[in-house]
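Encoded as structure tokens, the structure appears first; notes follow it.
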Amino acid sequence: MTSTDTPHGLAVAPAGPPPTRRPAKGPRRVEREVPGAVWTLGGIALAVGLWWLVAVSGLLPSGSVPSPPSVAEDLIENLSFYLTNAAPTLVTALEGFAIAVVISLVFGAVGSLTGLLERSVSRVALAVYCLPLPALLPLISSLAGAGQPTRITMAVLFSFFPMLIGVIAGLRATPADMAAIVHCAGGGRLQILRKVGLRAALPNIVAGMRIAGPGAFLGALVAEFSGADDGLGVVLVVSQQKLQTAQTWGVAIVATVIGGLLYVAITAMGRWLHVDPVESQTSFGAVPGAGLLQRVAEFLTPAVALIVIWVAIIQFGGVSPLVFKSPLDVLDYLVGNPAAATHRSALTTDWLVTMRDMGMIFGVGMAAAIIAGCVLVSFPALLRLGLPLLLASQCVPQIAFIPLLVAICGRGTAFIIVTGLLVVFFPAMIVIVTALEERSRSTLDLVSVYGGGRWAILRFVRIPGAVPGILNAGRISIPLALFGAVVAEWLVTGNGISEAMTTATTTFDYTRLWADVVVVTVTVIVLYEVVAVLHERARRRFSV
Numbered sequence: 001m002t003s004t005d006t007p008h009g010l011a012v013a014p015a016g017p018p019p020t021r022r023p024a025k026g027p028r029r030v031e032r033e034v035p036g037a038v039w040t041l042g043g044i045a046l047a048v049g050l051w052w053l054v055a056v057s058g059l060l061p062s063g064s065v066p067s068p069p070s071v072a073e074d075l076i077e078n079l080s081f082y083l084t085n086a087a088p089t090l091v092t093a094l095e096g097f098a099i100a101v102v103i104s105l106v107f108g109a110v111g112s113l114t115g116l117l118e119r120s121v122s123r124v125a126l127a128v129y130c131l132p133l134p135a136l137l138p139l140i141s142s143l144a145g146a147g148q149p150t151r152i153t154m155a156v157l158f159s160f161f162p163m164l165i166g167v168i169a170g171l172r173a174t175p176a177d178m179a180a181i182v183h184c185a186g187g188g189r190l191q192i193l194r195k196v197g198l199r200a201a202l203p204n205i206v207a208g209m210r211i212a213g214p215g216a217f218l219g220a221l222v223a224e225f226s227g228a229d230d231g232l233g234v235v236l237v238v239s240q241q242k243l244q245t246a247q248t249w250g251v252a253i254v255a256t257v258i259g260g261l262l263y264v265a266i267t268a269m270g271r272w273l274h275v276d277p278v279e280s281q282t283s284f285g286a287v288p289g290a291g292l293l294q295r296v297a298e299f300l301t302p303a304v305a306l307i308v309i310w311v312a313i314i315q316f317g318g319v320s321p322l323v324f325k326s327p328l329d330v331l332d333y334l335v336g337n338p339a340a341a342t343h344r345s346a347l348t349t350d351w352l353v354t355m356r357d358m359g360m361i362f363g364v365g366m367a368a369a370i371i372a373g374c375v376l377v378s379f380p381a382l383l384r385l386g387l388p389l390l391l392a393s394q395c396v397p398q399i400a401f402i403p404l405l406v407a408i409c410g411r412g413t414a415f416i417i418v419t420g421l422l423v424v425f426f427p428a429m430i431v432i433v434t435a436l437e438e439r440s441r442s443t444l445d446l447v448s449v450y451g452g453g454r455w456a457i458l459r460f461v462r463i464p465g466a467v468p469g470i471l472n473a474g475r476i477s478i479p480l481a482l483f484g485a486v487v488a489e490w491l492v493t494g495n496g497i498s499e500a501m502t503t504a505t506t507t508f509d510y511t512r513l514w515a516d517v518v519v520v521t522v523t524v525i526v527l528y529e530v531v532a533v534l535h536e537r538a539r540r541r542f543s544v
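For the sequence shown, position 179 (counting from the first letter as 1) is numbered 179 according to the UniProt record's numbering, and the numbering increases by one without interruption.
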């Protein structure tokens, strides 16, 4: 390479192509990619092997973990029984999932055109999603109607929020350069949404559907715990009452297979739609920050909407005034009542316990999801290897594994953390993996050309660009962490807000029940707003 003299007398090498690495000497080794199905089958074999090892090890109480052959024998002998009961649960889940997808797309699209409506809808959905739905089944049944309406409602409630967050996050990722082209051609916000926004939002929408699909099935199954005539939820409850552990695990396997099929179908649909990252996808985030008055309005509008919905249900929903208390009743219980100080003290004590449990679940769950996301993006085959266990954690209610979890973890902090991980880890990991993968091929190739390996790509490209997505996963995980804490308290530990709500229901102290609901909802919304502010700043900071 020759050099040229500049006016300042410095020798400068002329510009040329980027350096390339010389090929190594010797015969070239042909690398064959292992099919994804092989990794999935390997994950199933690994899960069955671990299960068999635990069953025969004698480390756990006898009968708490049946052996794989005994469960397989029960599945084969009673296959028609399982399929007959799985059909109504699956139909309910699909109906609820379809409703959740349609509502999320409509509200997300309308909300993207009017930012305040978007935030109001997401906060109302958050308020509903953070409720301990299994403990409130009687209230939901009295409001939606007993039977199939309640089951469909539960499927919608379990799947609506993650689906809505996926739609909103995707529409916010509309590339600003493409939107500018449509705008210069005379297109308005609706044309930008139609021609650019929906296409750019597909990766996040599909990620939301991956979470919402198994979530809808879990919601339908949980709804069958009270009042259903058939379904996997009914089989699960009866098998546990009769101590038929083989049948309990058979239900868990059938639920996992159905959840896996839903996950695979949604993933295949995403591939059919060619869901690929869009160049400069985060550029739309470079928008001015919201002022103080706008933030206050964004916070108060959903609060007013929740109160209006609450009062409307009481006034026009035909509900019992004994069960459904008004906002004034709750305010009097906490402030105006002569025993208000005692009420506040008891509620605060239970609230602190639940917040402690929620904090542990959120911290451990998010840390595990971030680490797993980084590893799985760098080594994609590992995702298929662990997919069976991950789907089992999402499609089977924790009640099916309570004897096993108690035997392993006891009834203290370890049980709370493990139960919470079953709720938080999978959804957070899916969102984080999607965010880490949303880098354009040209950017990744540029790092590879200059000799960067997987670690360099992860450190300099994927992680910085995925910070908004990681915070988005944090937003989803806040209500999930609360749900995990409430479920753990409800099923085993017997303390915190969940125990107080259960006691209030059995003693007909519905004012205390609604006070608990209000305090929990306000707490989660405030925490959600804090993470939302961080997410907005990160979106502006890391926009390109």
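Virtual Cβ for every residue (Gly too), placed ideally from N, Cα, C.
Is any beta-carbon of chain D found at less than 7 Å from that of Ala98?
-> Judged by its chain identifiers, the structure shown contains no chain D, having just a single protein chain.
Output the boundary residues of the alpha helix (DSSP H) element that contains residue 545.
-> Nothing can be reported for residue 545, as the shown portion of the chain is limited to 1 through 544.
Return the CA-CA distance between Gly42 and Val121, expressed in angstroms with no decimal places.
-> Your numbering for residue 42 matches position 42 in the sequence shown. Your numbering for residue 121 matches position 121 in the sequence shown. Taking the straight line from one Cα to the other gives about 42 Å.
Closest residue to Val196 among Lys242, Ile76, Ala481 and Ala176 (Cα-Cα distance) | Indexing the sequence shown from 1 puts residue 196 at position 196. Considering only alpha carbons, the answer is Ala176.
Check whether Phe161 and Tyr129 have beta carbons under 7 Å apart = Along the sequence shown, one-based indexing puts residue 161 at 161. Along the sequence shown, one-based indexing puts residue 129 at 129. Yes. Within cutoff.
Please say whether Arg151 and Ala220 have beta carbons closer to each other than 7 Å?
-> Taking the first residue of the sequence shown as 1, we reach residue 220 at position 220. Taking the first residue of the sequence shown as 1, we reach residue 151 at position 151. Closer than 7 Å, so yes.
For Gln244, which three-state DSSP category applies?
-> The sequence position of residue 244 within the sequence shown is 244, counting from 1. Reduced to three states, the DSSP call for Gln244 is coil.
Contact belief for Ala466 with Ala435 at Cβ below 8 Å, rounded distance in angstroms = As a first step, residue 466 must be located in the sequence shown, where it is residue number 466. As a first step, residue 435 must be located in the sequence shown, where it is residue number 435. Their Cβ separation, rounded to whole angstroms, is 4 Å, which keeps Ala466 and Ala435 in contact under 8 Å.
6 Å CB neighbourhood of Ser104 in its chain, flanking five on each side removed | The count along the sequence shown starts at 1 and reaches residue 104 at position 104. Excluding sequence neighbours, Ser104 sits near Met163, Leu164 and Val167.
Completely contained alpha helix (DSSP H) runs for the segment 302-368, where each covers 4 or more residues | 327-331
Beta carbon of Leu334, beta carbon of Ala341: below 7 Å?
-> To locate residue 334, count along the sequence shown from 1; it is residue 334. To locate residue 341, count along the sequence shown from 1; it is residue 341. Going by C-beta atoms, Leu334 is not nearer than 7 Å to Ala341.
Where do the ends of the alpha helix (DSSP H) carrying Asn78 lie?
-> Along the sequence shown, one-based indexing puts residue 78 at 78. Run containing Asn78: none; DSSP gives neither H nor E here.
Any idea what DSSP makes of Arg210, helix, strand or coil?
-> Residue numbering aside, residue 210 sits at position 210 when the sequence shown is read from its first letter. Helix at Arg210.
Drop a sphere of 10 angstroms on the beta-carbon of Pro464, count the other beta-carbons inside from all chains shown, and report buried for 16 or more, exposed for fewer.
-> Residue numbering aside, residue 464 sits at position 464 when the sequence shown is read from its first letter. Pro464 comes out exposed.
With a cut-off of 8 Å on the beta carbons, I'd call Gly259 and Phe217 a contact; round off their distance for me.
-> Your numbering for residue 259 matches position 259 in the sequence shown. Your numbering for residue 217 matches position 217 in the sequence shown. Rounded, the Cβ-Cβ distance is 6 Å, consistent with contact.
Can you name, in chain order, every residue of its own chain whose Cβ lies under 7 Å from the Cβ of Ala532, other than the five neighbours on each side?
-> Taking the first residue of the sequence shown as 1, we reach residue 532 at position 532. Within the same chain, Ala532 has close Cβ partners Arg475.
Cβ of Ile478 within 7 Å of Cβ of Tyr528?
-> Taking the first residue of the sequence shown as 1, we reach residue 478 at position 478. Taking the first residue of the sequence shown as 1, we reach residue 528 at position 528. Cβ distance < 7 Å, so Ile478 and Tyr528 count as in contact.
Apart from the five residues on each side of it in sequence, which residues of its chain come closer than 6 Å, Cβ to Cβ, to residue 558?
-> With the chain covering only 1 through 544, there is no way to say anything about residue 558.
Which value, in whole angstroms, describes the spacing of the CA atoms of Thr503 and Gly494?
-> Position 503 of the sequence shown, counting from 1, holds the residue named residue 503. Position 494 of the sequence shown, counting from 1, holds the residue named residue 494. Roughly 10 Å between the two C-alpha positions.
Candidates Thr511, Leu193 and Val487: which alpha carbon is nearest Gly111's?
-> One-based indexing of the sequence shown puts residue 111 at position 111. Here the closest residue by C-alpha is Leu193.
Buried or exposed: where does Asp229 fall if 16 or more other Cβ atoms within 10 Å of its Cβ makes it buried?
-> Stepping through the sequence shown from its first residue, residue 229 is reached at position 229. So Asp229 ends up on the exposed side.
Contact check, Pro66 vs Ala179, beta carbons under 7 Å | For the purposes of this step, residue 66 is taken as residue 66 along the sequence shown, with counting starting at 1. For the purposes of this step, residue 179 is taken as residue 179 along the sequence shown, with counting starting at 1. Going by C-beta atoms, Pro66 is not nearer than 7 Å to Ala179.
Can we say the segment 319-333 touches the segment 512-521, given the rule of at least three CB pairs closer than 8 Å?
-> yes
So the alpha helix (DSSP H) Glu499 belongs to, where does it begin and stop?
-> For the purposes of this step, residue 499 is taken as residue 499 along the sequence shown, with counting starting at 1. First-last of the alpha helix (DSSP H) with Glu499: Gly496 to Thr506.
Segment limits, alpha helix (DSSP H) that includes Gly420 = Stepping through the sequence shown from its first residue, residue 420 is reached at position 420. Counting along the chain, the alpha helix (DSSP H) containing Gly420 begins and ends at Thr413 to Glu437.
As assigned by DSSP and simplified to three states, the class of Gly147 = Translated into positions along the sequence shown, residue 147 becomes position 147. Of the three classes helix, strand and coil, the one that applies to Gly147 here is coil, per DSSP.
Val319 versus Ile140, Ser239, Met360 and Met355, residue with shortest Cα-Cα distance = Translated into positions along the sequence shown, residue 319 becomes position 319. For Val319, the nearest C-alpha among the options comes from Ile140.
Taking all protein chains shown into account, do 16 or more other C-beta atoms lie within 10 angstroms of the C-beta of Gly108, making it buried, or fewer, making it exposed?
-> What you label residue 108 is simply residue 108 of the sequence shown in a count that begins at 1. So Gly108 counts as buried.
Closest residue to Gly469 among Ala538, Phe362, Val522 and Leu273 (Cα-Cα distance) = Here the question's residue 469 lines up with position 469 in the sequence shown. When only C-alpha atoms are compared, the closest one is Ala538.
Backbone CA spacing between Val364 and Val48 [nearest angstrom] = Locating residue 364 in the sequence shown gives position 364, where the first residue counts as 1. Locating residue 48 in the sequence shown gives position 48, where the first residue counts as 1. So the two alpha carbons sit approximately 26 Å from each other.
Between the CA atoms of Leu347 and Gly336 - distance to the nearest angstrom = Along the sequence shown, one-based indexing puts residue 336 at 336. Along the sequence shown, one-based indexing puts residue 347 at 347. So the two alpha carbons sit approximately 15 Å from each other.
Whole-angstrom Cβ separation of Ala369 and Ala473, contact assumed at under 8 Å?
-> The residue labelled residue 369 in the question sits at position 369 within the sequence shown. The residue labelled residue 473 in the question sits at position 473 within the sequence shown. Ala369 to Ala473, Cβ: 6 Å. Contact.
What are the boundary residues of the alpha helix (DSSP H) that Thr511 is part of?
-> Within the sequence shown, the letter at position 511 stands for residue 511. Tyr510 to Arg541 is the span of the alpha helix (DSSP H), which, as asked, contains Thr511.
For Ser239, which residues of its own chain have a beta-carbon under 6 Å away from its beta-carbon, when the five flanking residues on both sides are left out?
-> Here the question's residue 239 lines up with position 239 in the sequence shown. Hits under 6 Å: Gln247 and Thr248.
Give the DSSP-derived three-state secondary structure of Asp230 in the structure shown.
-> Residue numbering aside, residue 230 sits at position 230 when the sequence shown is read from its first letter. If DSSP states are grouped into helix, strand and coil, Asp230 belongs with coil.
If you drop the 5 nearest sequence neighbours on each side, which residues of the same chain put their C-beta closer than 7 Å to that of Val418?
-> On the sequence shown, position 418 is the one that residue 418 refers to. Only Leu405 and Cys409 meet the Cβ criterion.
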